[in-house]
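When we follow my numbering, the leftmost residue of the sequence shown carries the number 10, and every step to the right adds one.
This report concerns only the one structure given below.
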Amino acid sequence: MYQDITHIKVNLIKNSYEVLVGSNTIYDIGFQLKQLKYSIGTKILVVTNPDVSKPYSSSFIKSIQNEGYEPRLLTIEAGEDQKTTESIALIHDAAYEHKLERGSLMIALGGGVIGDMVGFAAATWLRGISFIQVPTTLLSMVDASVGGKTGVNHPKGKNLIGAFHQPKLVLIDIDTLNTLPEREFRAGMAEIIKYGVIGDKELFEKLEEAKDLKNLESIDRNFLLEIITKSIKAKAKIVEKDEKENGLRATLNYGHTFGHVVEALSGYGKFLHGEAVSIGMVIAGQLSLQENLWSKAEAKRQNELLIKAGLPIKWPNLDEDLVLRSLRADKKVKDGHIRFILATEIGKVKLVNKIKEDQIYKLLSSLN
Ligand SMILES: NC(=O)c1ccc[n+]([C@@H]2O[C@H](COP(=O)([O-])OP(=O)(O)OC[C@H]3O[C@@H](n4cnc5c(N)ncnc54)[C@H](O)[C@@H]3O)[C@@H](O)[C@H]2O)c1
Ligand SMILES: [Zn+2]
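Structure, rendered in structure tokens:
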């Protein structure tokens, strides 16, 4: 029953953990809790949202109960606008009522929003208790659940309140993607393509060879397992070298500088994060080309892969001055120069500090 699970180790100085990837694995949660090398007591708080709770939570909770634990389920409304300190208070209230102790456990069952919130609630309850990530979106499987960044939004900006807090385990069940809306699936694929561009040429080429990347039905299960596994390994490798984002980890932000601008200036919600990152990758690719860092053919290969995944690539006609103002507010600008992660070839990126504001202005005007 368990032999089909791929184990990926995230090796950190303290707090190393495993990411388990497989099919139909979430109902083994009880078994997996028993395998943990930590004592976690009996009381467990599982946090989810209605979209995920409906199809999965009752069997999930049963699996935990069957092993003698006492789980409590807390359901928080879905959506990025719920990623607030108010939701953290709800989780802390539930932790208090359920009498979670220092040695107790929280479990995040959901996408990146649930994962980020539960991680932060666990980081702050009793000065830090253990938690487990059970990501149910493609994006949270390959990105948000691994690496220990947790937090919530502040009215003045995204993810302003947060903490580094590594999970004790990440349990991935690709079958939970069966209920994920197609658009969310494609948004997750943008991050997978990103891993190919920033660090894994073989992954990139595999994606190029695939018949289709647009939706789950047209993707072979083993292929899906493979690209998810490769993506997690790519992220783990970077996080292992730079857990607290002092340098290298910034390469994960390839496509994100303009991605964040697109998200913010189009009004949050118009583009999903992965869609905005797709557009951001196209711009980063063009800057790489202007800087003679990579070839036109390489930029084209990247963009064609994004199109194949059904992702948007067209710049959404945003006002250049507003874009530059937004980049400045994002602290990406120093002495009139903007910091970018740019591609030097498929599978390699580097930090470039010397892009001038007027170069951005010209590039965007040519697109508008
Ligand atoms: N911590 C990190 O390193 C990190 C990295 C990337 C993103 N993030 C954060 O992650 C969040 C985005 O995560 P996301 O894209 O997973 O979004 P999300 O958590 O909002 O999930 C997207 C939508 O899918 C629904 N959903 C989730 N799983 C489902 C399933 N299996 N079946 C049906 N519906 C399901 C959700 O209810 C939601 O409506 C953002 O807040 C972002 O800041 C964090
Ligand atoms: Zn991202």
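Virtual Cβ for every residue (Gly too), placed ideally from N, Cα, C.
Ignoring anything shorter than 4 residues or poking outside the stretch 234-312, list the alpha helix (DSSP H) runs there in chain order.
The qualifying runs are 265-274 and 282-299.
Out of Ser335, Leu281, Thr353 and Asp328, state which residue places its alpha-carbon closest to the alpha-carbon of leucine 302.
The option with the nearest alpha carbon to leucine 302 is Thr353.
When the distance is taken between beta carbons, is glycine 289 closer than 8 angstroms to glycine 319?
The answer is no: Cβ separation not under 8 angstroms.
Which same chain residues, not among the five before or five after asparagine 58, have their C-beta less than 7 angstroms away from its C-beta?
Counting only Cβ-Cβ distances below 7 angstroms, and skipping sequence neighbours, we find Thr84, Ile85, Glu86, Ala87, Gly119 and Ile123.
Alpha carbon to alpha carbon, how far is valine 56 from phenylalanine 140? Give it in angstroms, no decimals.
Those two C-alpha atoms are separated by around 11 angstroms.
Is the beta carbon of valine 206 closer than 8 angstroms to that of glutamine 311?
Contact flag set, yes.
Tell me which residues pass a beta-carbon proximity test against ligand 2: closer than 6 angstroms to any heavy atom, given in chain order.
So the residues near ligand 2 by this Cβ test are Asp152, Glu200, His265, His282 and Val286.
Is lysine 309 near leucine 222, with beta carbons less than 8 angstroms apart?
Contact: no.
Cβ of asparagine 58 within 7 angstroms of any heavy atom in ligand 1?
The answer is yes for asparagine 58.
State buried or exposed for methionine 10, treating a residue as buried only when at least 16 other CB atoms are found within 10 Å of its CB.
Model confidence at methionine 10 stands at a pLDDT of 47, short of 50, so the residue's coordinates are unreliable and nothing is read from them.
Would the stretch 164-176 and the stretch 213-227 be scored as touching if the rule is three or more Cβ pairs under 8 angstroms?
The stretch 164-176 is not in contact with the stretch 213-227.
Does the separation of the CB atoms of alanine 293 and leucine 351 fall below 8 angstroms?
Yes. Within cutoff.
Would you call threonine 185 buried or exposed, if buried means 16 or more other Cβ atoms sit within 10 Å of its Cβ?
With 16 or more Cβ atoms within 10 Å of its Cβ, threonine 185 is classed as buried.
Please report how far the alpha carbon of glutamate 79 lies from the alpha carbon of glycine 283, in whole angstroms.
One C-alpha to the other measures close to 37 angstroms.
Could you tell me the alpha carbon to alpha carbon distance between alanine 199 and glutamine 368, rounded to whole angstroms?
Approximately 26 angstroms, taken between the alpha carbons.
Quick check on histidine 265: buried or exposed, where buried means 16 or more other Cβ atoms within 10 Å of its Cβ?
Buried, since its Cβ has 16 or more Cβ neighbours within 10 Å.
Express the C-alpha separation of glutamine 142 and asparagine 326 in angstroms, rounding to a whole number.
Cα to Cα, the separation comes out at about 38 angstroms.
Would you check if the distance between the CB atom of valine 30 and the CB atom of isoleucine 201 is smaller than 8 angstroms?
Against a cut-off of 8 angstroms, the Cβ pair of isoleucine 201 and valine 30 comes out as no contact.
Residues in the same chain with beta-carbon distance under 6 angstroms from lysine 18, minus the five sequence neighbours each way, listed in chain order, please.
For lysine 18, where only same-chain residues beyond five positions count, the Cβ hits under 6 angstroms are Glu27.
Taking Cβ to Cβ, would you say alanine 130 is nearer than 8 angstroms to isoleucine 97?
A contact, by the Cβ cut-off of 8 angstroms.
Starting from the C-beta of isoleucine 247, find all residues in its chain whose C-beta is less than 8 angstroms away, skip the five residues before and the five after it, and write them out in chain order.
Excluding sequence neighbours, isoleucine 247 sits near Gly208, Leu257, Arg258, Thr260 and Leu261.
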